[in-house]
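A.B. asks: As they're listed, the protein sequences go chains A and B. The numbers in this note's numbering rise by one with no breaks, and the one at position 105 of the first sequence is 151. The numbers in this note's numbering rise by one with no breaks, and the one at position 321 of the second sequence is 329. Can you keep this structure in mind? I'll have questions shortly.
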Amino acid sequence: MDHKIRPVALCLAAALVLCGCGSRPAKVKDVRAIRSLRSGGDLKGDDDAKAGIKIIGESCGAEYQPGRAALRLLSHQEYDQTVGDLLYTQKKASTIAVFEAAPKGPTGFASDTANVPLTPLTVEKYWSAANQLADEVLVEKNKTGSAFSKLAPCAIGKNQVDAACYETVVSDLGLRAWRRPLSASGSDSEKARLLGLMQQAPNFDQGLKALISALLISPHFLFVSVPSEGARAEDFVNLDDFQIASRLSYFMWGTMPDEELFSLAQNGKLKDESTLAVQVSRMIRDDKARYLVAAIVNDWIGIDTLETMVTPGISDNLKRAMLEETWRFVADLVIQDKSVMNLVTAKYTFANRVLADHYGLSLADPNGTQFQTLDLSASPRRGVLSQASFLLATAGSNTETRPVKRGKEVALRWLCEEVPPPPPGVPPLDSSKLPPNATPREVLAVHTNSPSCTGCHEKLDPLGLGFESFDAVGKWRTQYAQLGNATIDSSGRLDANTEFKDTRELLSEMGESARVKSCMAKKIMELATKRVASTKDDVCVTDVIGASKTGTAGKFSDLIKSVVLTRQFRLQSGDSP
Amino acid sequence: MSNFKLSRRTFISSAGSVFTLPLFESMLGREAWAANAGEPRRFVAFYIPNGTYNRGDVPTWYPATGALNASNLPPALSPFADIAANFSVYKHIKTSAADTLANANGQHVGEAVAFLTCATNLSPQNSFEHLYATKIGKPALVIQGNTADQGDRYQNNSISYQSGRMVRGISNPGDLYRQLVGQVVSPAANPPSQTVANSTLIEASIIDNSLTDLNQLRAKLGHSDQQRLDDFLAGLRQLERKYSAMPPSNGNGQNGSSSCQAPTNKPNLDSSTAAADSSLYLDRMRMFNEMITIAFACDIIRSVSVMLDVETGSRSLPSAPRDLIFQGADIAGWNNHLVSHFGHFSGGDFSHSTPEGIPRCITRDRFYFSVVADLIRKLKVAQDPSGASILDNSIVLAGFGVRDGMHYMHLSQGAPMVVGGGRNFLNPGQSFDLGSYDVADMLYTFSKHLSMGLNDFQGASRLLSV
Chain A
47 MDHKIRPVAL CLAAALVLCG CGSRPAKVKD VRAIRSLRSG GDLKGDDDAK AGIKIIGESC
107 GAEYQPGRAA LRLLSHQEYD QTVGDLLYTQ KKASTIAVFE AAPKGPTGFA SDTANVPLTP
167 LTVEKYWSAA NQLADEVLVE KNKTGSAFSK LAPCAIGKNQ VDAACYETVV SDLGLRAWRR
227 PLSASGSDSE KARLLGLMQQ APNFDQGLKA LISALLISPH FLFVSVPSEG ARAEDFVNLD
287 DFQIASRLSY FMWGTMPDEE LFSLAQNGKL KDESTLAVQV SRMIRDDKAR YLVAAIVNDW
347 IGIDTLETMV TPGISDNLKR AMLEETWRFV ADLVIQDKSV MNLVTAKYTF ANRVLADHYG
407 LSLADPNGTQ FQTLDLSASP RRGVLSQASF LLATAGSNTE TRPVKRGKEV ALRWLCEEVP
467 PPPPGVPPLD SSKLPPNATP REVLAVHTNS PSCTGCHEKL DPLGLGFESF DAVGKWRTQY
527 AQLGNATIDS SGRLDANTEF KDTRELLSEM GESARVKSCM AKKIMELATK RVASTKDDVC
587 VTDVIGASKT GTAGKFSDLI KSVVLTRQFR LQSGDSP
Chain B
9 MSNFKLSRRT FISSAGSVFT LPLFESMLGR EAWAANAGEP RRFVAFYIPN GTYNRGDVPT
69 WYPATGALNA SNLPPALSPF ADIAANFSVY KHIKTSAADT LANANGQHVG EAVAFLTCAT
129 NLSPQNSFEH LYATKIGKPA LVIQGNTADQ GDRYQNNSIS YQSGRMVRGI SNPGDLYRQL
189 VGQVVSPAAN PPSQTVANST LIEASIIDNS LTDLNQLRAK LGHSDQQRLD DFLAGLRQLE
249 RKYSAMPPSN GNGQNGSSSC QAPTNKPNLD SSTAAADSSL YLDRMRMFNE MITIAFACDI
309 IRSVSVMLDV ETGSRSLPSA PRDLIFQGAD IAGWNNHLVS HFGHFSGGDF SHSTPEGIPR
369 CITRDRFYFS VVADLIRKLK VAQDPSGASI LDNSIVLAGF GVRDGMHYMH LSQGAPMVVG
429 GGRNFLNPGQ SFDLGSYDVA DMLYTFSKHL SMGLNDFQGA SRLLSV
């Protein structure tokens, strides 16, 4: 199979384009206040979506392999949001039952739960959470709008609940909890078993409680799965409508499908590309899309570490402003449906007085105390790579930069490079060979002369040194003040064919880099499928999307549609030998 | 006549179509009904790990042989002062099996395994409470007072054994509450003719249901996904074992006793965190006592074992209530293990001569005995349908599996035991010197009072005159 990107792939301009909604100055007050920023947009189907599929097919082969996402446990955040939507509760189950902190998966996203240990203690906590959440439903059951009244409207105000009501509650709640209809045929069907559990209880209320506990402790709730049903590795299965609904909702919202997705799934509409495109447009305008913002900020850009990082000398106000800048920036990108390339190319950001002073820049409204749009046209800063949050998080300390660490983070997160761990027994630096006031570049030169280190450092060091014009806390600098005012040399090479003379040029080159664009498509693909996109067909598909104007260069929703319409999203390879 | 019972799975799968029918007769073996005839007798065993101060027959622990009253109780038994007529002290009783196991495997291993089994191997078949539970066809309840799992199945968690395997107990009162709340139905509110759902099944049934879901899902998955699911399976299995500590009742959830009332207040101690919180220890154990009493009154269970702490855990004890602190030696910040060694561990040497060690050990004994005394009081107040005190038909054993916490093994001292209740077949209110008997003889004697039909208990067949 020829996986080279064909020229036609670069002409995706017409594909997947929905109406423009035009960017307007964002006035995000809070990431959670997404609703206020909804732009118009339309919900019409998009026949051009099919063109996008065709182009990927022409580049990667019509039958390109979809890859396989493993059985996946709901992440803590997904669990909380799902039970919130399912049971109409604001309770954070992961807090009630004291879920243990979960590591991020190989993709770097928290929703990639491959590395989350599943111990008996974890299961006990799920059990505890299930029971407590079930108890919660019975609280204030007769109150208007109570969870009980929504889950079992047929039982409200009745002393004797009839069999039809039991059946309705089991079917409706079962469908929503397990994100598909319950099997209902035979005496050992899922529906019959759950009805049996309800009817064991002395009354309807206790039966409902038992039903909820049973639904929540079931693997059908806790895991998102696409059973391969015996399909071999070289074969694939089509996701059914309900599986597509779940994949879509956990991709964009981090929670269960809503009523509209369930309805479309029930009517067999979600295999239709145009319908999918319409749904993406609808979903990105929903409040729940804040999940995408959080995933990008915390897991992709990776600044969640900043909140717990000890940074003496940095005021709380400044640290909060650093974090808020990035949150606002990404929220604006998602809500205003801008191109994902803004993450590395944007000539604007959001700042308050504290942050603008930190950057040495002037606000349009110098008297304003709130966050406002900050024009960066005349500044070397571009996108999140020049934001203080990212720079501080990747510096590792607030006193001095660590070019290797920063280079590694840039390589991992923005070029999708694989960075192996350092080899064992790395010798300490021989400082006797260093000149007085040696710059980081001079230090690293000694370091990387070691044959065991050269392989990785050749990749990482130029990237890290390329950002040396930003100090550890993200301020612009031209000299090392603590090293006798030595001039900073931030020149380097992005890849074999791309040199840059300074930080400004590195940022510019990254904005044009095909590798960066492919990486962005890959990141979105990984967030969508919850697996590492590493097969050759994965790489082909993400290269095509990355290069297309409607992929990374188009609106954010176009990129999502491009991913959603791939076989990677809608199909699944088998895993039987 | 076969003792036919429906399995949980069978019950669940059929319940959808037959739920309006009375369930219990179909689930209950006829032999079990017969065995249940008459006033039920109950058995509870409390176990305090790693011995106590028991050297030289000093009066801090052993009362003089003869009648007990509030004024002649030794300091360690002060929690029983108001119920001195309702319990006895068995002095100097031998722990042969524990000694044998201890010699081969260490004290902590030996005493915990042997306490209710009198076995000389580390995988005993059935501990006493399970033998009784099996005989009368009702579940045994297993409780552990400490949530810690030190990873050593022999030393730390339970004195309960079934089919050669240790049975971990319930440590969260909320778990027991959920099993009882649907099962216990006030006779006044629900006349016997009304269909009563046996909600004891529900918790276990839910786990069962999840296991069915898991197996059905597993069959559709490829190998690697199956492995991931197996991690979940291991957790479900552990939950299942937890509920097997109190398997589905064969009783009907009420026996006509006015004491058979559904618990009215949901425990506010219902979480793994709370269960691990030392400061809530006494509250949790009292809550367990309340539910044991209800379960007895409703004749849901008749057999209970409680391990009050782990053998060698490092969890700090909370401060003892003021009236339990002996000579100013509180147990706050100490762990049970070190206190039982008289709290003097230093440089590998257990010396028993420092001033606070023995008082602290007595405070610890009072602390744990206050839990035992609390249950005795509750059972004393609760009534069987005849109006008799449930305590009078119950044996409440509390004791140590080892002769003394210092492990000096003075064979003549024996293990101290407290036995509450049983007025209808025992002689409470006495201090007995049983130096010529073994724990196995004691349990054999109990088996006779409980009509268990044993010819011997681990080879012991002498009856105690108690």
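Cβ atoms here follow ideal geometry from the backbone N, Cα and C, with glycine treated the same way. Model, not experiment: these values are computed from the prediction.
1. Please state the DSSP three-state secondary structure of residue 297 of chain A.
2. Can you give me the C-alpha to C-alpha distance between residue 385 of chain A and residue 251 of chain A, rounded to a whole angstrom?
3. Excluding sequence positions up to five away, which residues of its chain have a Cβ less than 7 Å from the Cβ of residue 466 of chain B?
4. Report the residue ranges of all beta strand (DSSP E) runs contained in full by the segment 277-361 of chain A; include only those spanning at least 3 residues, in chain order.
5. Could you name each continuous alpha helix (DSSP H) segment of 4 residues or more that falls completely within the segment 490-517 of chain A, going from the start of the chain to the end?
6. Of all the CB atoms in chain A, is at least one closer than 8 Å to the CB of residue 285 of chain B?
7. Would you call the segment 415-430 of chain A in contact with the segment 491-505 of chain A, where contact means no fewer than 3 C-beta pairs closer than 8 Å?
8. What residues from chain A crowd round residue 243 of chain B, counting only those whose CB sits closer than 9 Å?
9. Quick check on residue 173 of chain B: does DSSP put it in helix, strand or coil?
10. Could you tell me which residues DSSP pairs with residue 403 of chain B in its beta bridges?
11. Going by other Cβ atoms of all chains shown within 10 Å of its Cβ, with 16 needed for buried, is residue 361 of chain A buried or exposed?
12. Taking C-beta pairs closer than 8 Å, name the residues in chain A that residue 218 of chain B reaches, listed in chain order.
13. What's the C-alpha gap between residue 141 of chain A and residue 182 of chain A?
14. Apply the 10 Å Cβ neighbour rule to residue 129 of chain A and answer buried if 16 or more other Cβ atoms are within range, or exposed otherwise.
15. Rounded to a whole number of angstroms, what is the C-alpha to C-alpha distance between residue 291 of chain B and residue 243 of chain A?
16. Of all the options A:540, A:120, A:525, which has the alpha carbon lying nearest to the alpha carbon of residue 533 of chain A?
17. Please specify which runs of the beta strand (DSSP E), each continuous and at least 3 residues long, are wholly inside the segment 376-411 of chain A, giving them in chain order.
18. Which residues in chain B have a C-beta closer than 9 Å to the C-beta of residue 620 of chain A? List them in chain order.
19. With 16 as the cutoff for other CB atoms within 10 Å, does residue 200 of chain B come out buried or exposed?
20. Within 8 Å of any Cβ in chain B, is that where the Cβ of residue 239 of chain A sits?
21. Run through chain B and tell me which residues come within less than 9 Å of residue 157 of chain A, C-beta to C-beta.
22. Nearest CA to the CA of residue 559 of chain A: which residue from A:535, A:327, A:389, A:312?
23. Spell out whether any CB of chain B is found under 8 Å from the CB atom of residue 147 of chain A.
24. Who are the near neighbours of residue 464 of chain B in its chain, counting only those whose CB is closer than 7 Å to its CB and skipping five residues on each side?
25. Can the beta-carbon of residue 518 of chain A be found closer than 8 Å to that of residue 596 of chain A?
26. What residues in the segment 96-111 of chain A have a beta carbon less than 7 Å from any beta carbon of chain B?
27. Is residue 668 of chain A helix, strand or coil when you go by DSSP?
28. 8 Å is my cut-off, CB to CB: does residue 449 of chain B come that close to chain A?
29. Under the three-state reduction of DSSP, which class applies to residue 134 of chain B: helix, strand or coil?
30. Determine the DSSP secondary structure at residue 125 of chain A, reduced to helix, strand or coil.
31. Which residues in chain B sit within 8 Å of residue 275 of chain A, going by Cβ to Cβ distance?
32. CB-CB under 6 Å to residue 123 of chain B, same chain, minus the five flanking residues each way: which ones, in chain order?
33. Enumerate in chain order the residues of its own chain whose CB-to-CB distance from residue 172 of chain A is below 8 Å, with the five nearest sequence positions on each side excluded.
34. Excluding the 5 residues flanking residue 297 of chain B on each side, which residues of the same chain have their C-beta closer than 6 Å to its C-beta?
35. Please list, in chain order, all residues of the same chain as residue 151 of chain A whose beta carbon is under 7 Å from its beta carbon, the five residues on each side excluded.
36. If you draw a straight line from the C-alpha of residue 358 of chain A to the C-alpha of residue 454 of chain A, how long is it?
C.D. replies: Walking through what the data contain:
1. helix
2. 50 Å
3. 105, 126, 127, 448
4. 282-284
5. 497-512
6. no
7. no
8. 164, 165, 166, 167, 168, 169, 170, 172, 173
9. strand
10. B:51, B:429
11. exposed
12. 260, 263, 264, 265
13. 14 Å
14. buried
15. 32 Å
16. A:525
17. 394-397
18. 230
19. Reliability of the predicted coordinates at residue 200 of chain B is poor, the pLDDT of 29 falling under 50, and the value obtained from them is presented with this limitation in mind. Burial call: exposed.
20. yes
21. Within 9 Å Cβ-Cβ: nothing; residue 157 of chain A doesn't reach chain B, min ~16 Å.
22. A:389
23. no
24. 452
25. no
26. none
27. With chain A running from 47 to 623 in the structure shown, residue 668 of chain A is simply not present.
28. no
29. strand
30. helix
31. 228
32. 55, 167, 409
33. 143, 262, 263, 268
34. 382, 383, 386
35. 158, 159, 160, 161
36. 24 Å
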